[in-house]
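Number of protein chains: 4
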Amino acid sequence: MSSTYGTNLKISIFGQSHSPAIGVSIDGLPAGFPIDFDELQTFLKRRMPGTAAHSTKRKEPDIPEFLSGLNDGVTCGAPLAAIIHSTDTRSSDYEQIKDIPRPSHADYTAYIKYGEKRDVRGGGSFSGRLTAPLCIAGGICLQLLRQQKINIRAHILQIANIQDRPFDPVNVSKKEIDFLKTADFSVLDTDAGERMKSAIEEARKSGDSLGGIIECAAIGVPAGIGDPIFDGMENRISAIIFGIPAVKGVEFGNGFSAAELRGSQNNDAFVIRNDVIQTSTNRHGGILGGITSGMPLLFRAAFKPTPSISIEQGSVSLSRKEEVRLAVTGRHDPCIVPRAVPCVEAAAAIAIYDALLGCKCAI
Amino acid sequence: MSSTYGTNLKISIFGQSHSPAIGVSIDGLPAGFPIDFDELQTFLKRRMPGTAAHSTKRKEPDIPEFLSGLNDGVTCGAPLAAIIHSTDTRSSDYEQIKDIPRPSHADYTAYIKYGEKRDVRGGGSFSGRLTAPLCIAGGICLQLLRQQKINIRAHILQIANIQDRPFDPVNVSKKEIDFLKTADFSVLDTDAGERMKSAIEEARKSGDSLGGIIECAAIGVPAGIGDPIFDGMENRISAIIFGIPAVKGVEFGNGFSAAELRGSQNNDAFVIRNDVIQTSTNRHGGILGGITSGMPLLFRAAFKPTPSISIEQGSVSLSRKEEVRLAVTGRHDPCIVPRAVPCVEAAAAIAIYDALLGCKCAI
Amino acid sequence: MSSTYGTNLKISIFGQSHSPAIGVSIDGLPAGFPIDFDELQTFLKRRMPGTAAHSTKRKEPDIPEFLSGLNDGVTCGAPLAAIIHSTDTRSSDYEQIKDIPRPSHADYTAYIKYGEKRDVRGGGSFSGRLTAPLCIAGGICLQLLRQQKINIRAHILQIANIQDRPFDPVNVSKKEIDFLKTADFSVLDTDAGERMKSAIEEARKSGDSLGGIIECAAIGVPAGIGDPIFDGMENRISAIIFGIPAVKGVEFGNGFSAAELRGSQNNDAFVIRNDVIQTSTNRHGGILGGITSGMPLLFRAAFKPTPSISIEQGSVSLSRKEEVRLAVTGRHDPCIVPRAVPCVEAAAAIAIYDALLGCKCAI
Amino acid sequence: MSSTYGTNLKISIFGQSHSPAIGVSIDGLPAGFPIDFDELQTFLKRRMPGTAAHSTKRKEPDIPEFLSGLNDGVTCGAPLAAIIHSTDTRSSDYEQIKDIPRPSHADYTAYIKYGEKRDVRGGGSFSGRLTAPLCIAGGICLQLLRQQKINIRAHILQIANIQDRPFDPVNVSKKEIDFLKTADFSVLDTDAGERMKSAIEEARKSGDSLGGIIECAAIGVPAGIGDPIFDGMENRISAIIFGIPAVKGVEFGNGFSAAELRGSQNNDAFVIRNDVIQTSTNRHGGILGGITSGMPLLFRAAFKPTPSISIEQGSVSLSRKEEVRLAVTGRHDPCIVPRAVPCVEAAAAIAIYDALLGCKCAI
């Protein structure tokens, strides 16, 4: 199985890229919450394809239809189900894939797992399109969290070798987060953003693709959220972030770079600021022992370059069991990182809101 | 909550560093499996403190007592429970911590979550000592997996800035894995190992600590294990690996370095070798779409430097709510990475065995 | 939360009586299974209102729309989602309920739990209508089980004080089960069935309602399914059967009547029949120690009389906090037991199929 | 799997009748709770064998050893693990069972599931002895619930055909509950109790056994606990109650007898008493739509007669595959119902406390 996440808030995602609809059922939302549907739509638009030159040409309106869980537009306590109908599917693009798995896609492993009857069209249930229902659930959680003064925002830290300015781990601010809110392209350094766009355009022209890193911050998370050992915030967040296709690494705070540091360089001294216990630095990324410290929660997710490239590659014919050459055709993002930014925010929001619901603090 | 992992194999860990005992209950083991207890003890010894100069001086025999789940030394189908009694605890070492949280430890977040009655002795339930029951469960899973020709082995890829030779992603072999089996210090390049040991010794002398990276390989894993979206192998493995204290990052295959590559550089062409579909390279780390591809499963975990250092640091007094200076005393590892190697293997074994039990493949 | 069941097969139900749609997502179905949609429709029709004189007048076609999980009409391995659109909803019928909870309905507890914004229309998410998605999931499981020679069938054992002939616990046969398949009214004794129908009609006329008992048999279940303690077949089945509105009791084998028997009267001797170990009697209902014995699995579920009656009853006004008199109007079943028969079969099929998927047997 | 229960409070039970120890790990207890160990011991004593003439002669002190989760005798937030060492085991009593399964015991199904290596001694993991760790967990939950003014108490409603006075569904009082607290034999009508004891003694003499019914009440449970569909209080309670060996039926409120009633006879009118909304009768057993109504929560569990009887019965030899005669020897309770009373209370306490922890109410 695969498509259920959460303990106190439980989301179940369903759909394939070209199935009649994709959707999500969300169980455990508090009753009486007035979802801001315009804001949710604006949020969903950020992951939609076809809205920018640097993205795939496939056009999908991605307007959710709410089937249940609402009463006069307000959550009523019952599971909220929302679906997105598929409209612009060109299944003929994918005939070839059935026999010749695309390198570094899930085509081959889906064949092993599900056999002849797997749905290969558009990547089936492995498609990035399944992040749309994730974003519906996450978009609602973002609104619920904001009510509790918790704000989550991500930006493109890196595409290829072009780097955005990282968040200041201690002082990542509501202001910075608001800046990203209005940004057409999720970077803090618009200059770097332009260079990223050029790199993406250039990759598209050469039939290739690019990877990148997304950095995400959650500010306002109270200390004490999360649990030790297997239910720590790192476990919870990574368990959902790896649900976004193409993610191959997750790190918190200093992450991998901590490996090269000494304790004296990586430790964060406790200080008192405005009568509140904080840390003077934030190499721990707001999580100690799996539990939030009250400092900004910071993590990064690494995305591999989109495996769909039109440059010819080696593959095999499953039917003939022989090696063949393959050039992937069809509409594909040369870089899914820009569109993945809201997905990372959505996933983080779900994980944090679920942890918050399960939280009992003594202090 | 925190201490339960798994779906078809369910492990529940309990204990605090200085509680009368620590232990684990393992539910879902097949009946009739003859555990090799000597091998398990040898495995547990690899994470034991006090066995090498580069480790803490605390001596704990770590000999598990099996309470249930066995019949004539063979698993009987009932949950297997094993405990390790605490013997060498010097609780007086930890009096100070109750009021002054150690920087980058879980002391402060434990205080927030559990209040005055938290167990501060030895780090309580956040102690690295809780990896001993993890290793009991994982050690048994390693034996069960080997029966199915699946071998898992990890090595120290990096400590501070000293690097071991990485596994060859395509050809990581039973031989390499067997070499590590006999190694006193888990590195492929014994030279690099010596330099690591010197660096650890030097860190100890200066009252500081070091972090590092562990690389882990699972070979022989059949294609088709794991599930899409939230139950992929990356999700499952990261959800348990982050349960090992001090882990701050997890990456699979090329991981974070994939962010800088193009699709044409990161994709793995399918080939046919000895009549079997494989990939010519293994940048995907043996996982595509959350499901194993049949290639070696490869991941890396980043460990932050041990936060316990005797160099003076800034902290706060919780009772007086004022900033103070703190030098952590007591017996502490200057680098827990060498001892964490079997923990990573154990965690990987549990995650893979659990996934294997839940697996239905069409092909 | 509430609406998710299962471990290896996971179903998530959503919807309210009058929400735009109700539905279910089913995760864990094997890929490549050709659902017989006509048969499924016939099955769903058995719980549909308006098909018989003894039932409510509300007409709903209950034709599921399949949103995902299929490829050319065959399961593809992805979660199968199906919805039923609401068409014949008369929300004006329910205005009064918002202030005056109907006795023995969930109106009052829904008010406590979800507050002002709960969906009172048609009982909201507590409506018996939510058993339609349960029947979609269960109908598919029935087909999957039949493939493995497992057949499940229920009948009305009792309505008011009129009793049907019970299943023969030892020899409940495929034939008896097939007889029920063609029955318009699910009884073995058609005479008793006629008297039940008359009693229902008479209750309708007097504005009252009737309860009853449904007996369910699963034949062909191999020995060894289920687990001890909390995952026994009794635990699993009761945990889903109580999800059907109005069920207030569940018993297995001799059930409550075993309380009056002696061990020598209630024990089932083991015998060998056709080279197979069986029991000569079947007071244990096919389950010993939570695990199936290979004998017919037999259980009964007690349904309280429908709480919606037009006879005047006492209730309270939530807004005015005073006692009032209430006569429930609208379209209501005087007895939901006949329509609940396929729901019990569906629930049993889901529980048994889920247990089967998780089963490892040594023998 | 089998031995884990709960969502927000998670208990994991382990052990076999004759394993070195049996025990439980309890995850999710609030930190800072001072367990009354004397009271817990008194509670455990109620299920202990050998304390009364009507019980088995096996003597076990059943004194739990607490391995973790405590700090100065107070819960510290970490999982609480407690074990009971096995002392008085006479394994030789059980040699015969290995080949000849006892009728209506789990011997045969354990053989099917776990094969040759199952633990047959004393019933292995199917033994009633496993209710001791259940009672440790439940005994702690009873104390936690009482802090919130929730009291749970059960009594023997029936043994064979001898009936105790049932609880008054509306007015079951703290006083009645306190009376049971001091009772040596858990009945409201001491006269009936004496007759039950005689019947048990008489059954013992004739080598036979008796079943019975236990009725349990939880008073003070606030309205709004539990969830619709699969997580209702009926689902939750039955899912744990069926974990007690020999339970074959569970019913709530009027339960099975509701089947014979009309809606007008079974509905509970809402009334206002002391400014609180209540029901004038309590046929619903305090649960509507799976959610507590604020009225006493009432349920009954049916226990089959102990299958171990010394009267000769028919069985089979597994090795010779032939029918044989069997008279069960050894120390066995002729009626486990009296000892099961605290087990029912414990199970109910765990289910209710777990539901309470997960509860969000709007009103």
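So the protein sequences, as listed, match chains A, B, C and D. Under the numbering used here, the residue at position 186 of the first sequence is numbered 186, and the numbers go up by one with no gaps. Under the numbering used here, the residue at position 316 of the second sequence is numbered 679, and the numbers go up by one with no gaps. Under the numbering used here, the residue at position 47 of the third sequence is numbered 773, and the numbers go up by one with no gaps. Under the numbering used here, the residue at position 54 of the fourth sequence is numbered 1143, and the numbers go up by one with no gaps. C-beta: ideal position from N, C-alpha, C; glycine also. Fair warning: this is a prediction, and the values are worked out from it, not measured in the lab.
Below 7 Å between beta carbons: does that hold for residue i and residue j?
{"i": "Lys824 of chain C", "j": "Val74 of chain A", "result": "no"}
{"i": "Gly1091 of chain C", "j": "Lys875 of chain C", "result": "Outside the displayed range of chain C (727 to 1089) lies residue 1091 of chain C, so it cannot be described from this structure."}
{"i": "Lys1393 of chain D", "j": "Gly1301 of chain D", "result": "no"}
{"i": "Ala1195 of chain D", "j": "Leu1014 of chain C", "result": "yes"}
{"i": "Cys1224 of chain D", "j": "Asp482 of chain B", "result": "no"}
{"i": "Gly1321 of chain D", "j": "Phe968 of chain C", "result": "yes"}
{"i": "Ala712 of chain B", "j": "Ile515 of chain B", "result": "yes"}
{"i": "Pro790 of chain C", "j": "Ile761 of chain C", "result": "no"}
{"i": "Ile603 of chain B", "j": "Ala500 of chain B", "result": "no"}
{"i": "Ile463 of chain B", "j": "Ser671 of chain B", "result": "no"}
{"i": "Gly1112 of chain D", "j": "Leu1098 of chain D", "result": "no"}
{"i": "Thr1198 of chain D", "j": "Ile1017 of chain C", "result": "yes"}
{"i": "Ser1091 of chain D", "j": "Ile955 of chain C", "result": "yes"}
{"i": "Gly618 of chain B", "j": "Lys248 of chain A", "result": "yes"}
{"i": "Asp1297 of chain D", "j": "Arg988 of chain C", "result": "yes"}
{"i": "Ile112 of chain A", "j": "Gly587 of chain B", "result": "yes"}
List, in chain order, every chain B residue whose beta-carbon is nearer than 7 Å to that of residue i.
{"i": "Ala1281 of chain D", "result": "Chain B residues near Ala1281 of chain D: none, gap ~38 Å exceeds 7 Å."}
{"i": "Pro756 of chain C", "result": "Lys723"}
In terms of residue numbering, what span does the alpha helix (DSSP H) encompassing residue i cover?
{"i": "Leu357 of chain A", "result": "Val337 to Leu357"}
{"i": "Lys723 of chain B", "result": "Note, Lys723 of chain B: premise wrong, no alpha helix (DSSP H); not H, not E."}
{"i": "Glu597 of chain B", "result": "Met596 to Ile604"}
{"i": "Phe37 of chain A", "result": "Phe37 to Lys45"}
{"i": "Phe179 of chain A", "result": "Lys174 to Thr182"}
{"i": "Glu920 of chain C", "result": "Thr916 to Lys931"}
{"i": "Gln379 of chain B", "result": "Note, Gln379 of chain B: premise wrong, no alpha helix (DSSP H); not H, not E."}
Would you give the residue range spanned by the beta strand (DSSP E) that residue i belongs to?
{"i": "Lys974 of chain C", "result": "Val973 to Phe978"}
{"i": "Gln1004 of chain C", "result": "Val1002 to Thr1005"}
{"i": "Gly989 of chain C", "result": "Not the beta strand (DSSP E): Gly989 of chain C falls in the alpha helix (DSSP H), residues Gly989 to Asn992."}
{"i": "Gln511 of chain B", "result": "Taken as a continuous stretch (DSSP letters only), Gln511 of chain B belongs to no beta strand (DSSP E), as it is neither H nor E."}
Taking 8 Å as the limit between beta carbons, can you name the residues of its chain near residue i, skipping five residues before and five after?
{"i": "Ala1142 of chain D", "result": "Caution is warranted here: a pLDDT of 49 is assigned to Ala1142 of chain D, below 50, making its placement in the model unreliable, and no coordinate value can be reported."}
Name the chain A residues whose beta carbon is nearer than 8 Å to that of residue i?
{"i": "Gln521 of chain B", "result": "Ala259 and Glu260"}
{"i": "Ile674 of chain B", "result": "Gly263 and Ser264"}
{"i": "Thr801 of chain C", "result": "Lys117"}
Please go through the same chain and pick out, in chain order, the residues whose beta-carbon is closer than 6 Å to the beta-carbon of residue i, but skip the five residues on each side of it.
{"i": "Gly369 of chain B", "result": "Asp717"}
{"i": "Cys1305 of chain D", "result": "Ala1243, Phe1388, Val1433 and Ala1437"}
{"i": "Phe33 of chain A", "result": "Thr75"}
{"i": "Ala1440 of chain D", "result": "Arg1325, Ile1326 and Ile1329"}
{"i": "Ser745 of chain C", "result": "none"}
Run the proximity test for residue i: is its beta-carbon closer than 6 Å to any non-hydrogen atom belonging to the ligand NAP?
{"i": "Tyr114 of chain A", "result": "No copy of the ligand NAP appears in this structure; indeed no ligand is present at all."}
Using a cut-off of 8 Å between C-beta atoms, extract the partners of residue i located in chain B.
{"i": "Asn254 of chain A", "result": "Lys611 and Lys667"}
Excluding the 5 residues preceding and the 5 following residue i in the sequence, name in chain order all residues of the same chain whose CB lies nearer than 7 Å to its CB.
{"i": "Asp994 of chain C", "result": "Thr1005, Ser1006, Thr1007, Asn1008, Arg1009 and His1010"}
{"i": "Leu365 of chain A", "result": "Here chain A covers residues 1 to 363 and nothing more, so residue 365 of chain A does not appear."}
{"i": "Thr777 of chain C", "result": "In this prediction, Thr777 of chain C scores a pLDDT of 48, lower than 50, which makes its location untrustworthy; the coordinate-derived value is nonetheless stated afterwards. Correct list, in chain order: Lys771."}
Taking C-beta pairs closer than 8 Å, name the residues in chain D that residue i reaches, listed in chain order.
{"i": "His831 of chain C", "result": "Leu1377 and Gly1378"}
Kindly list, in the order they appear in chain A, the residues whose Cβ is closer than 7 Å to that of residue i.
{"i": "Lys684 of chain B", "result": "Ile272"}
I want to verify the contact list: residues of chain D whose CB lies under 9 Å from the CB of residue i, in sequence order.
{"i": "Asn282 of chain A", "result": "Ordered by position in chain D, no residue passes the 9 Å Cβ test against Asn282 of chain A, which lies about 25 Å from the chain."}
### Task
Ignoring anything shorter than 4 residues or poking outside the stretch 62 to 134 of chain A, list the alpha helix (DSSP H) runs there in chain order.
107 to 114
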